[in-house]
Amino acid sequence: MKRFAAVSFPFMALVLLLAACAKGNVSGATDSGIHGIVLLGPTCPVEQANSPCPDAPMQIEVRIIDEHGAEIAKAQSGADGRFTVPLDPGTYKLIAVLPAGG
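Quick note: the sequence shown uses the working numbering, first residue 1, plus one each step.
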């Protein structure tokens, strides 16, 4: 598998939009963590004002790395591109894992 960080390809980019809450813990709390959506775009070779080309949701594995470099969780985005991971407050790095040939 290939890892994808903040790299963009011609006419294609993977975007992780994230929001994190500030309280709770990894042991099952649902009010703290990362809630995000994975989008692929642009999906058209040329965008025009009268013909928008919205980004498309993407199903992909997202790995969560803590500030020490340890993988602490994985998430799979759904068909709508959304994923949720309960986590303690902190700083995390997210890595989207592209499927083979992606």
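Glycine included, every Cβ here is placed at the ideal spot set by N, Cα and C.
Quantities reported herein were computed from a predicted structural model and do not represent experimental measurements.
| task | Taking only the alpha-carbon atoms, compute the straight-line gap between Lys93 and Gly69 and give it to the nearest angstrom. | result | 9 Å
| query | Asn25: buried (16+ other C-beta within 10 angstroms of its C-beta) or exposed? | reply | Low local confidence applies: a pLDDT of 44 at Asn25 is under 50, so the model's placement there is unreliable, with the coordinate-based value given in what follows. The residue is exposed, with fewer than 16 neighbouring Cβ atoms inside 10 Å.
| message | Checking 7 Å against the spacing of the C-beta atoms, do Phe83 and Val97 come in under that value? | response | no
| request: For Gly33, I'd like the list of residues in its chain whose CB is within less than 6 Å of its CB, leaving aside the five on either flank, ordered along the chain. | output: Scanning its chain for C-beta atoms nearer than 6 Å, with the 5 sequence neighbours on each side dropped, one finds around Gly33 the residues Val85, Pro86 and Leu87, in chain order.
| request: Provide the residue span of the beta strand (DSSP E) that contains Thr112, from first to last. | output: Outside the displayed range of the chain (1 to 102) lies residue 112, so it cannot be described from this structure.
| Per DSSP, what kind of secondary structure is Val46 in: helix, strand or coil? | coil
| Is the segment 74-81 touching the segment 34-44, taking contact as three or more C-beta pairs under 8 Å? | Using a Cβ-Cβ distance cut-off of 8 Å, the segment 74-81 and the segment 34-44 are in contact, since at least three pairs of beta carbons, one from each stretch, lie closer than that value.
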